[in-house]
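Participant: Here the first sequence is numbered in the numbering used here, starting from 92 and rising by one per residue.
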Amino acid sequence: MEVQFQFITDPEALEKACEEMSDAADLGFDVETTELDPYKGDLRLVQLSDGRRTKVIDLYAFRKFGGLATQTELAPLRKLLAAERPKKIAHNAKFDAKWTRHHLGVETGGLYDTYLASVLIGAGTGERRHGLADVVQFFLQKTLDKTEQVSDWGAEDLTQAQAEYAARDAAVMPELKAKMEERIAADGLRDVLKLENECVMPVAEMELNGFFLDAERWRQQLAVKEAEQAAAGKELQSMLAAGVAQASLFGTTEINLDSQQQVAAALSGLGIPMPASTSRWQLQPLAEKYPQIAKLLEYRAAAKAAGSFGENILEFIEPKTGRIHADFRQIGAPTGRFSCSNPNLQQIPHEDVYRRCFRAEEGNKLVVADYSQIELRILAEMSGDAAFIAAFESGADLHAATAARVFGVEPDAVTPDQRSFAKRLNFGVVYGIGAQRFARMTGLSDREAENALRRYFASYPQMDEWLRVRSKEVISSRAARTMSGRLAKIELDPADRASVGAAQRYARNMPIQGTSADILKRALRLLHDRIRETSARLVNIVHDEIVVECAAADAETTREILVDAMTRAGEEFIKKVPIKVDAAIADEWTK
DNA sequence: GTGAAGGGCCAC
DNA sequence: AAACGTGGCCCTTCAC
Numbered sequence: 092m093e094v095q096f097q098f099i100t101d102p103e104a105l106e107k108a109c110e111e112m113s114d115a116a117d118l119g120f121d122v123e124t125t126e127l128d129p130y131k132g133d134l135r136l137v138q139l140s141d142g143r144r145t146k147v148i149d150l151y152a153f154r155k156f157g158g159l160a161t162q163t164e165l166a167p168l169r170k171l172l173a174a175e176r177p178k179k180i181a182h183n184a185k186f187d188a189k190w191t192r193h194h195l196g197v198e199t200g201g202l203y204d205t206y207l208a209s210v211l212i213g214a215g216t217g218e219r220r221h222g223l224a225d226v227v228q229f230f231l232q233k234t235l236d237k238t239e240q241v242s243d244w245g246a247e248d249l250t251q252a253q254a255e256y257a258a259r260d261a262a263v264m265p266e267l268k269a270k271m272e273e274r275i276a277a278d279g280l281r282d283v284l285k286l287e288n289e290c291v292m293p294v295a296e297m298e299l300n301g302f303f304l305d306a307e308r309w310r311q312q313l314a315v316k317e318a319e320q321a322a323a324g325k326e327l328q329s330m331l332a333a334g335v336a337q338a339s340l341f342g343t344t345e346i347n348l349d350s351q352q353q354v355a356a357a358l359s360g361l362g363i364p365m366p367a368s369t370s371r372w373q374l375q376p377l378a379e380k381y382p383q384i385a386k387l388l389e390y391r392a393a394a395k396a397a398g399s400f401g402e403n404i405l406e407f408i409e410p411k412t413g414r415i416h417a418d419f420r421q422i423g424a425p426t427g428r429f430s431c432s433n434p435n436l437q438q439i440p441h442e443d444v445y446r447r448c449f450r451a452e453e454g455n456k457l458v459v460a461d462y463s464q465i466e467l468r469i470l471a472e473m474s475g476d477a478a479f480i481a482a483f484e485s486g487a488d489l490h491a492a493t494a495a496r497v498f499g500v501e502p503d504a505v506t507p508d509q510r511s512f513a514k515r516l517n518f519g520v521v522y523g524i525g526a527q528r529f530a531r532m533t534g535l536s537d538r539e540a541e542n543a544l545r546r547y548f549a550s551y552p553q554m555d556e557w558l559r560v561r562s563k564e565v566i567s568s569r570a571a572r573t574m575s576g577r578l579a580k581i582e583l584d585p586a587d588r589a590s591v592g593a594a595q596r597y598a599r600n601m602p603i604q605g606t607s608a609d610i611l612k613r614a615l616r617l618l619h620d621r622i623r624e625t626s627a628r629l630v631n632i633v634h635d636e637i638v639v640e641c642a643a644a645d646a647e648t649t650r651e652i653l654v655d656a657m658t659r660a661g662e663e664f665i666k667k668v669p670i671k672v673d674a675a676i677a678d679e680w681t682k
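#1: Touching or not, the segment 197-205 and the segment 167-180, by the rule of three or more beta carbon pairs under 8 Å?
#2: Would you call the segment 261-273 and the segment 595-603 touching, i.e. three or more CB-CB distances under 8 Å?
#3: Just confirm the distance between the C-beta atoms of Pro195 and Ala160, as a whole number of angstroms; I'd bet it's less than 8 Å.
#4: Contact check, Leu489 vs Asn517 under 8 Å by CB: the rounded distance?
#5: To the nearest whole angstrom, what separates the beta carbons of Ala660 and Arg613, a pair I think is in contact under 8 Å?
#6: Check the DSSP bridge columns for Asn631 and list the partner residues they point to.
#7: Let me check understanding here. Comparing Cα to Cα, which of Arg391, Thr234, Lys411 and Ile524 lies closest to Ala322?
#8: Assign Leu171 to one of three DSSP states: helix, strand, or coil.
#9: By Cβ distance below 6 Å, which residues in the same chain neighbour Leu558 in space, the five residues on each side in sequence not counted?
#10: Around the Cβ of Ala338, are there at least 16 other Cβ atoms within 10 angstroms (buried) or fewer (exposed)?
#11: Can you list, in chain order, the residues of its chain with a C-beta nearer than 7 Å to that of Asn347? Leave out the 5 residues immediately preceding and following it.
#12: Taking DSSP as the reference, what is the three-state secondary structure of Leu340?
#13: Taking DSSP's pairing of strands, which residues face Lys580 in a bridge?
#14: Within 8 Å, do at least three Cβ pairs link the segment 620-629 to the segment 638-647?
#15: Three Cβ pairs or more, each shorter than 8 Å: is that satisfied between the segment 277-284 and the segment 374-391?
#16: Under the DSSP definition of a beta bridge, which residues are partnered with Leu202?
#17: Rounded to whole angstroms, what is the Cα-Cα separation between Asp305 and Cys448?
#18: For Gly215, which residues in the same chain have their Cβ closer than 7 Å to its Cβ, ignoring the five residues on either side in sequence?
#19: For the alpha helix (DSSP H) that Leu470 lies in, which residues bound it at each end?
#20: Go ahead and label Leu340 buried or exposed: buried means 16 or more other beta carbons lie within 10 angstroms of its beta carbon, across all protein chains shown.
#21: Taking the alpha-carbon of Arg561 as reference, which of Glu541, Ser550, Val291 and Tyr522 has the nearest alpha-carbon?
#22: Please go through the same chain and pick out, in chain order, the residues whose beta-carbon is closer than 7 Å to the beta-carbon of Asp443, but skip the five residues on each side of it.
#23: With distances taken Cα to Cα, identify the nearest neighbour of Ile212 among Ala115, Tyr547, Asn631 and Glu273.
#24: Counting pairs of Cβ atoms below 8 Å between the segment 301-315 and the segment 394-414, do you hit three or more?
#25: Do Leu139 and Thr149 have their beta-carbon atoms positioned less than 8 Å apart in this structure?
#26: I need the DSSP call for Phe429, collapsed to helix, strand or coil.
#27: Between Met532, Asn433 and Leu168, which has its C-alpha nearest Ile408's C-alpha?
#28: Taking only runs of the beta strand (DSSP E) that begin and end inside the segment 254-321, which ones reach a length of at least 3 residues, in chain order?
#29: Report, in whole angstroms, the separation of the C-beta atoms of Val263 and Val227, which I expect to be a contact under 8 Å.
#30: Quick one: what's got a C-beta closer than 8 Å to Arg510's C-beta in the same chain, skipping five residues either side?
#31: Pick from Arg569, Phe120, Ser590 and Arg496: whose alpha carbon is nearest that of Gly200?
#32: So is Thr737 buried or exposed if we call it buried at 16+ other beta carbons inside 10 Å?
#33: Go ahead and pull the three-state DSSP assignment for Asp133.
#34: By Cβ distance, which residues of its chain are closer than 6 Å to Ala385, with the 5 residues on each side in sequence left out?
#35: Give me the residue from Asn403, Gly360 and Tyr130 with the minimum Cα distance to Ile439.
#36: Check whether the segment 108-125 and the segment 157-173 are in contact - that is, three or more C-beta pairs closer than 8 Å.
Okay, here's the thing in structure tokens:
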């Protein structure tokens, strides 16, 4: 693939090029950098292409004019990037948006991400990869050579091959987008792609913002957990010693307490009847009778804390900012949920000892807001169940209202036990729980659990019907959708009962979990547009929760903006049930 | 040595 | 040894 391009190294040429490109409807947009992390490396090239004319801008040539983020020589480029039109077509646009935001000081407008488009079209099948070369091959039947991708982009003089590679990646984007749009339309993915594209910039900024972690507090907490682990480990070793087959003449009876095999063998050696697995739910019932089991569970909890939530997380603090800049995958699950890694800020334990380490910096506040029972409200909306909707509309305690119906008592006569059963039913039904599992969970007999489920669905007949239709339709459609139109293709083998069951539970759960993700993403965009000129910064999201940091003086205003954005986003999708958002202003990430 | 797989467990 | 959905991280075990 041969691409003509202009290599730009001076302000006059840049201004002319930006003027030339400004009339295009779509511009391919790409950058080349010396590192993957914008806090660690240089932004070397910015490439723009309308498909015919391609500009490769060498930012090293502009360093002589001063800092890139503020210099006036780059103003034409900033203006072009900031504009809603032309659209900027990029593959994994979050990357390009982060680098240009951080190094050029500009928020890119009109982003269109061919990576996210490809993932949406893939609909969770995993049957093809979504790298640019893969996507270009699949949609355009053209082969892209990516060997220059990892070349030295910090070299004073770039090679011809590097410049051509850079130009070509940008030049292919408009054509790729045009081709993908046909498929997006045919698959009914227009709305959800718009939702995703509008969410890229908020996510890019969130990653740049990072979340402040008080390292001192974290270390103090960690020291406590490490001491607990050491103490529990020592006690457990001596309790197990008698059950360990003599290892050597030197008589060492120490075993690896992190090895299920060795621990299970030692416990068996003590005459303890061991279940097939050593997972907590299996061992818990044995803990009362056997102190060794109780000690093992104590050791495991401390080991988990010291391992997954230990020193490792401190290593993610970026020295330049003193904050944690985790990676958020915008379509982390086929349902549309985000995933998070390096580190995963969506799995920090609830306990205050951990959460209080994530806090606002001096002079700032956190605003923490989450949707109240959003998945159950979505289920009410999608199923249109009159009784379920009425329970939400009354504003009364949903779980108590459910208990009253299931147990056939007056709402104010519901016992705490009954409410607890109803709560677990309400949450379980979202996951497609079965009677057996519900029985294990609650301690009811299988018979009683079946009856409880039967009464539950009798109480909410339209919900029952909606869930049944999802189960039935997936057999032929092999697909499910959220309210935004997000698609999940579902594989199943009709001859295999387990596969059919799994597909049916997924087909019932995906529209609910995925619509929740749709709503959150819409909220992120609305929030982003309203906090742009304020002190507020998005710092974390956890499925139905948004955390914003702002100047202390702006906290009340920020809380109102956040609640309003989340509520409006919810109301765009949910019409029959009220949306409820709980929000708090705090110094720390606690509720 | 390195990496995949599986167990176990944290979040929503 | 979960027939309750979605993730990621740490650890051991085992194959290459």
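All C-beta atoms in this analysis are idealised placements derived from N, C-alpha and C, irrespective of residue type, glycine included.
Facilitator: With the structure as the only source:
#1: Taking 8 Å as the limit for Cβ pairs, the verdict is that the segment 167-180 does touch the segment 197-205.
#2: In short, these stretches do not touch, since the Cβ pair count stays below three.
#3: The amino acid occupying residue 195 in the given sequence is Leu; Pro does not appear at that position. The pair is a contact, with the Cβ atoms about 6 Å apart (cut-off 8 Å).
#4: With 8 Å as the limit, Leu489 and Asn517 qualify as a contact, their Cβ atoms being about 7 Å apart.
#5: So it is a contact: roughly 4 Å between Cβ atoms.
#6: In the DSSP assignment, Asn631 is bridged to Val638.
#7: Looking at the Cα atoms, Arg391 is the closest of the given residues.
#8: Leu171 falls in the helix class under three-state DSSP.
#9: For Leu558, where only same-chain residues beyond five positions count, the Cβ hits under 6 Å are Arg599.
#10: With a pLDDT of 49 at Ala338, under the threshold of 50, the modelled position of this residue cannot be trusted; read the value that follows with caution. Ala338 should be labelled exposed.
#11: Counting only Cβ-Cβ distances below 7 Å, and skipping sequence neighbours, we find Gln353.
#12: For Leu340, the predicted structure reports a pLDDT of 47, less than 50, and the residue's modelled location is therefore unreliable. The matter cannot be settled from this model.
#13: The partner list for Lys580 (beta bridge, DSSP) reads Ala570.
#14: By the criterion of at least three beta-carbon pairs nearer than 8 Å, the segment 638-647 is in contact with the segment 620-629.
#15: Contact between the segment 277-284 and the segment 374-391 is absent, with fewer than three C-beta pairs closer than 8 Å.
#16: Leu202 is bridged to Lys179.
#17: Distance between the alpha carbons of Asp305 and Cys448: 5 Å.
#18: Pro425, Ala579 and Lys580, listed in sequence order.
#19: Annotation for Leu470: the continuous alpha helix (DSSP H) segment containing it runs Ile465 to Ser474.
#20: Residue placement at Leu340 is poorly supported in this model, since its pLDDT is 47, which falls under 50; the coordinates still yield a value, given next. Taking all protein chains shown into account, Leu340 has fewer than 16 neighbouring C-beta atoms within 10 Å of its C-beta and is therefore exposed.
#21: That would be Tyr522, whose Cα lies nearest to the Cα of Arg561.
#22: Excluding positions up to five away in sequence, the list reads Thr681.
#23: The shortest Cα separation from Ile212 among Ala115, Tyr547, Asn631 and Glu273 belongs to Glu273.
#24: By the Cβ criterion, the segment 301-315 is in contact with the segment 394-414, since at least three pairs of Cβ atoms, one from each stretch, lie closer than 8 Å.
#25: According to the sequence displayed, residue 149 carries Asp and not Thr. No; because the gap between Cβ atoms is not below 8 Å, this pair is not in contact.
#26: Looking at Phe429 - three-state DSSP - the assignment turns out to be coil, as it is neither helix nor strand.
#27: In terms of CA proximity to Ile408, Asn433 leads the group Met532, Asn433 and Leu168.
#28: Within the segment 254-321, no complete beta strand (DSSP E) run reaches 3 residues.
#29: So it is a contact: roughly 6 Å between Cβ atoms.
#30: Cβ within range, chain order: Asp488, His490, Ala491 and Ala494.
#31: Check the Cα spacing between Gly200 and each of Arg569, Phe120, Ser590 and Arg496: the tightest is with Phe120.
#32: The structure shown does not extend to residue 737, since the chain is modelled only from 92 to 682, so the question has no answer here.
#33: Asp133 falls in the coil class under three-state DSSP.
#34: Excluding sequence neighbours, Ala385 sits near Ala378.
#35: Taking each of Asn403, Gly360 and Tyr130 in turn and checking the Cα distance to Ile439, the smallest one comes out for Asn403.
#36: With contact defined as three or more Cβ pairs closer than 8 Å, the segment 108-125 and the segment 157-173 are in contact.
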